[in-house]
Amino acid sequence: MTGRYAFILAGGVGSRLCLLSERRAKPAVPFGGKYRIIDFTLSNCVNSGIFDVGVLTQYRPTSLNQHIGIGRPWDLDRTRGGVQLLQPAPGLATSDWYQGTADAIYQNLLHLKRRRAQEVLILSGDHVYQMDYNVLYAFHRRNRARLTVAVTEVPEREVDQFGILETEPNGRVVAFKEKPKGGVSSRLASMGVYLFDRDALIRWLVEDAAMSHSAHDFGKDLLPRLVARNEAVYAYRFPGYWQDVGTLDSYYRANLEFVQPKPPLDLSDPEWVLHTQTADRPPVRVVAGANVTRSLVANGCSVHGEVVNSVLFPGVVVEKGAVVRDSIVMHDTVVASGAVLDRAIIDKEVRVGRGAKVGTGDELTPNRACPEHLSSGLVVVGKQARLPEGLTVGRNARIGAAVAAEDFTAAVPAGGVVDGPESMH
Amino acid sequence: MRDILALILSGGSGEQLGVLCAERAVSALPFGGKYRVIDFVLSNCCHSGVQQVGVLAQHAPASLNDHIGAGRAWDLDRRAGGVVILQPYQTRSHAGWYRGTADAIAQNWDWIEEQRPARVLVLSGDHVVRMDYRPLIAAHLERGAAVTVAVTRVPAEEAHRFGMVRVGSDGRIQSLDEKPARTDAALANMGIYLFETGRLADLLRARPVDLVLDVLRPQVAADQRVMAYEFDGYWEDVGTVASYYRASLDLVSPGSRLQLHDARWPILTRDEERPPVWCGPDARIEDSLVANGCRIEGRVRRSILFAGVHVGPGAEVNESVIMADTQLAEHARVDHAILDKYVRIGAGARVGESAPHGSPEPGAGHEWLAGLSLVGKDTWVPDGGRVLRPSVIGVGGRYEDFAEGVLGAGTVVPNRRWFEVLP
Chain W
1 MTGRYAFILA GGVGSRLCLL SERRAKPAVP FGGKYRIIDF TLSNCVNSGI FDVGVLTQYR
61 PTSLNQHIGI GRPWDLDRTR GGVQLLQPAP GLATSDWYQG TADAIYQNLL HLKRRRAQEV
121 LILSGDHVYQ MDYNVLYAFH RRNRARLTVA VTEVPEREVD QFGILETEPN GRVVAFKEKP
181 KGGVSSRLAS MGVYLFDRDA LIRWLVEDAA MSHSAHDFGK DLLPRLVARN EAVYAYRFPG
241 YWQDVGTLDS YYRANLEFVQ PKPPLDLSDP EWVLHTQTAD RPPVRVVAGA NVTRSLVANG
301 CSVHGEVVNS VLFPGVVVEK GAVVRDSIVM HDTVVASGAV LDRAIIDKEV RVGRGAKVGT
361 GDELTPNRAC PEHLSSGLVV VGKQARLPEG LTVGRNARIG AAVAAEDFTA AVPAGGVVDG
421 PESMH
Chain C
426 MRDILALILS GGSGEQLGVL CAERAVSALP FGGKYRVIDF VLSNCCHSGV QQVGVLAQHA
486 PASLNDHIGA GRAWDLDRRA GGVVILQPYQ TRSHAGWYRG TADAIAQNWD WIEEQRPARV
546 LVLSGDHVVR MDYRPLIAAH LERGAAVTVA VTRVPAEEAH RFGMVRVGSD GRIQSLDEKP
606 ARTDAALANM GIYLFETGRL ADLLRARPVD LVLDVLRPQV AADQRVMAYE FDGYWEDVGT
666 VASYYRASLD LVSPGSRLQL HDARWPILTR DEERPPVWCG PDARIEDSLV ANGCRIEGRV
726 RRSILFAGVH VGPGAEVNES VIMADTQLAE HARVDHAILD KYVRIGAGAR VGESAPHGSP
786 EPGAGHEWLA GLSLVGKDTW VPDGGRVLRP SVIGVGGRYE DFAEGVLGAG TVVPNRRWFE
846 VLP
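Residue numbers (the working numbering), protein chains in the order written: chain W, 1 to 425; chain C, 426 to 848.
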């Protein structure tokens, strides 16, 4: 497996995830009761035998740096190869901050110089899927492709959120439209997984960098141009589960899919382990009188109350008489006795005071600050917020990170916003 | 703490644990839902700043080698110091199993001396204890002791299990009685000793076999400064089925004295990557510890479940310890049992059923089972099979062991080697 190299694009802002990615890069957003979103892509690499990986970061990289470190959980702490965190630096090439995805790779072409990879795999750190990239390599070589794009079928109503490809029966791509507003017959969406011939990639990126009208983005510029020019671009149709958890609603839905008796991905497959950075935590403790059903609960949790259809990350405490229903609760949050969470996404280290009701009523007024992302009834609470005793919080409300108990003067109405000390939204 | 070398005695074969230690050392016995017993002592070393550790292994050393590796989980993968496993070895002039605790140390004296420690801290890898060694070391230095022995108070009715120590008002140990039938001493020897290295070297020259009988007792008799250090936290030697089971169930008892949830003194272990616990729509769990990777569809009460255990729909686990990757099919029931790894309990089978009232006693010789059923690694209990307690199914138990569908109370099925049970 020598000679394989992958770049993982992990610099995205993830603004549609609202509070969850306000203070961390989207690939570092917690997922599935103990993982981070990027764990799927990193684990796919090592499970496919790719042990030489560069991770491109830009937006709030600290949490990713901490998470990935020297790459030990993925066996990427290696003498040869391993994982390298690639941050923008002044004077790296012509500009400094990465403009688009193509520019991000262009500015890091240096890292291909001494690598003998024939192809370069370019991945996104934002997606939930399990994929053996060897199949993609085989498809690419069999077709003598210059570029192979992995695609997945999406519902008709979602085609305007993706790059859509039209293909011939043999997989050859004949049209590429980024986020089309109608006028496409295909429902094949780009998964943001590209396998390029190394030399072609270099040539195309150099060419693109010189174009002043280009946004230097794979989806917006490079791919449509290559297809229009009739380059050997092929689409590999991935048959498995793939989810872009780019919005609060899709993030919430995807998490709860994993509490079903038949989850979309088998996280306990010993042949395809999903690796992550794991802290030492004791096993889950459930006491008499507690009730946990249809839920994922990670080590370090302590449950004295009721947990239904929910995902609990490590170290969550659900006190006696508290109820967590249809919710996602991240590391070390405490839900005090008598408190109720209903359709809530609670970030790390939050304290929900005694008897507080989070997610109450039927009123669905969209969120005042981000109506386009928070309107389906979810409540989002930022990291380290303190919700006082007896507080009620209506649906579609947003409570910022590090909000103090004194910051609440009254109940939070549906669609309400309580900002923390330094809201950046 | 560069001047302290810890030696962890992990040579015990765990005879009293029967099938649970058929293929592992007592120190490597799974405990507490995700740990091995030795994790407690290794974590104590790590948190107490002891950075040079030798583990003296003899029985089933691979179980310890696998678990400890380079010592990374305890930050003992170090350039200076770190953890080393010391097994019996051959040289041109010598080949010897460890004859006892003192002999094991003596046989490794060359290595110990190379580390140039000022003091040697002897620990047992078979004890569940959370202990900061720094106050013990401080007390040792302050009192100018030749040897310091950690002691702890035990109930009078249990004194016969321990080495009992009588201590003078100056803290000096006046007598050491191994497992006395009767004693008025209230303090037990915890098997933790701090020696001045030079003094220990002198004592080992007489080729002693056992540390207590051949080294400490003569020192006490000779009125040397053998001092007691009293420890009042939780401490349990899990070398018997009864004590292992009791310590395990302690963890799920309200007001347990052994705290695993302490961020300041976490128990460190070599962790496997497993997904969070999944609880199905009809799961019912109470007073239990359940580790990542478990899938619970049935009922679990007052039990410890290690990683990857599957409790099928309608299955029940009661007051039991179930080790990693064991599967209970639907409507299986396990009661008062310890199941080792990779066991499969068939649909509707019952393990640890109490014998029907009025049935004959299992006879003498089963007291060591403390009334439990023990099921060895890789055993398959057939659908509808019944195992009455007390009983033992050896490693690799198979369907043919259930000729009548039932294993009666007092049954002991011997171990099979894995290549004898291949399909």
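Cβ coordinates follow ideal geometry from the N, Cα and C atoms, glycine included.
Being a predicted model, the structure only gives us computed values, none of them experimental.
Cutoff 7 angstroms: residue i Cβ touching any chain C Cβ
i, result
"residue 421(W)", "no"
"residue 485(W)", "Any answer about residue 485(W) is impossible in this case: the structure gives chain W only from 1 up to 425."
"residue 9(W)", "no"
"residue 71(W)", "no"
"residue 77(W)", "no"
"residue 36(W)", "no"
"residue 283(W)", "yes"
"residue 268(W)", "yes"
"residue 165(W)", "no"
"residue 275(W)", "yes"
"residue 253(W)", "no"
"residue 39(W)", "no"
"residue 43(W)", "no"
"residue 292(W)", "yes"
"residue 295(W)", "yes"
"residue 347(W)", "no"
DSSP-derived helix/strand/coil call for residue i
i, result
"residue 357(W)", "strand"
"residue 443(C)", "helix"
"residue 247(W)", "coil"
"residue 196(W)", "strand"
"residue 623(C)", "helix"
"residue 370(C)", "One cannot answer for residue 370(C) here, as it falls past the ends of chain C, which runs 426 to 848."
"residue 38(W)", "helix"
"residue 439(W)", "There is simply no residue 439(W) to check, as chain W begins at 1 and stops at 425 in what is shown."
"residue 301(W)", "coil"
"residue 486(C)", "helix"
"residue 654(C)", "strand"
Residue i versus the options, residue with shortest Cα-Cα distance
i, options, result
"residue 660(C)", "629(C), 642(C), 616(C)", "616(C)"
"residue 828(C)", "749(C), 681(C), 582(C), 811(C)", "811(C)"
"residue 17(W)", "354(W), 346(W), 411(W), 402(W)", "346(W)"
"residue 199(W)", "145(W), 251(W), 165(W), 243(W)", "145(W)"
"residue 774(C)", "809(C), 800(C), 803(C)", "809(C)"
"residue 683(C)", "426(C), 452(C), 456(C), 447(C)", "456(C)"
"residue 598(C)", "621(C), 642(C), 604(C), 619(C)", "642(C)"
"residue 223(W)", "138(W), 102(W), 37(W)", "102(W)"
"residue 919(C)", "819(C), 554(C), 837(C)", "Summary: the structure shown does not reach residue 919(C), with chain C confined to residues 426 through 848, and so no result is reported for it."
"residue 498(C)", "469(C), 513(C), 523(C), 481(C)", "469(C)"
"residue 533(C)", "551(C), 552(C), 510(C)", "510(C)"
"residue 410(W)", "389(W), 402(W), 396(W), 401(W)", "389(W)"
"residue 665(C)", "452(C), 426(C), 428(C)", "452(C)"
"residue 745(C)", "693(C), 671(C), 700(C), 807(C)", "671(C)"
"residue 9(W)", "122(W), 29(W), 19(W)", "122(W)"
"residue 610(C)", "560(C), 515(C), 581(C), 622(C)", "581(C)"
Within-7 angstroms CB hit, residue i to chain W
i, result
"residue 385(C)", "In the structure as shown, chain C begins at 426 and stops at 848. Residue 385(C) is therefore absent and cannot be evaluated."
"residue 443(C)", "no"
"residue 693(C)", "yes"
Taking Cβ-Cβ distances below 7 angstroms as the criterion, which residues of the segment 695 to 706 of chain C are in contact with chain W? Listed in sequence order: 696, 698, 699, 700, 701, 702, 703, 704, 705, 706.
The segment 666 to 690 of chain C: which residues have C-beta closer than 7 angstroms to a C-beta of chain W, in chain order? Against chain W - using a Cβ distance shorter than 7 angstroms - the residues of the segment 666 to 690 of chain C are 685, 686.
When the Cβ atoms of the segment 702 to 713 of chain C are set against those of the segment 433 to 440 of chain C, are three or more pairs found closer than 8 angstroms? Segments in contact, no.
Is there contact between the segment 127 to 144 of chain W and the segment 98 to 116 of chain W, where contact requires at least three CB pairs shorter than 8 angstroms? No contact exists between the segment 127 to 144 of chain W and the segment 98 to 116 of chain W.
Contacting positions in the segment 22 to 34 of chain W - beta carbon closer than 9 angstroms to chain C: Taking 9 angstroms as the Cβ-Cβ cut-off against chain C, the residues of the segment 22 to 34 of chain W that qualify are 32, 33, 34.
Against chain C, which members of the segment 349 to 360 of chain W pass a CB distance test of less than 7 angstroms? Under the 7 angstroms Cβ criterion, the segment 349 to 360 of chain W contributes no residue.
Against chain D, which members of the segment 707 to 719 of chain C pass a CB distance test of less than 9 angstroms? Protein chains in the displayed structure are W and C, and chain D is not among them.
Okay, do the segment 581 to 591 of chain C and the segment 469 to 480 of chain C touch, 3+ Cβ pairs below 8 angstroms being the bar? Not touching, per the Cβ criterion.
Can you list, in chain order, the residues of the segment 440 to 465 of chain C whose Cβ is nearer than 8 angstroms to any Cβ on chain W? Answer set for the segment 440 to 465 of chain C: 457, 458, 459.
Spell out a yes or no on whether the segment 289 to 304 of chain W and the segment 76 to 90 of chain W are touching, meaning 3 or more CB-CB pairs, one atom from each, closer than 8 angstroms. With a cut-off of 8 angstroms, the segment 76 to 90 of chain W and the segment 289 to 304 of chain W do not count as touching, because too few Cβ pairs lie within range.
Check whether the segment 376 to 392 of chain W touches the segment 347 to 356 of chain W, taking contact to mean three or more Cβ pairs, one atom from each stretch, closer than 8 angstroms. The segment 376 to 392 of chain W and the segment 347 to 356 of chain W touch, with no fewer than 3 CB-CB distances between them shorter than 8 angstroms.
Counting Cβ pairs closer than 8 angstroms, one from the segment 256 to 269 of chain W and one from the segment 695 to 705 of chain C, do we hit at least three? The segment 256 to 269 of chain W, when compared against the segment 695 to 705 of chain C, does touch it at the 8 angstroms Cβ threshold.
So, does the segment 182 to 198 of chain W touch the segment 64 to 76 of chain W, judging by three or more C-beta pairs under 8 angstroms? Of all C-beta pairs linking the segment 182 to 198 of chain W to the segment 64 to 76 of chain W, fewer than three are shorter than 8 angstroms, placing the two stretches out of contact.
Touch check for the segment 570 to 579 of chain C and the segment 521 to 540 of chain C: three-plus C-beta pairs under 8 angstroms? Taking 8 angstroms as the limit for Cβ pairs, the verdict is that the segment 521 to 540 of chain C does not touch the segment 570 to 579 of chain C.
contact_flag[the segment 319 to 329 of chain W, the segment 716 to 736 of chain C] where n(CB pairs < 8 angstroms) is 3 or more: Too few Cβ pairs lie closer than 8 angstroms, so no.
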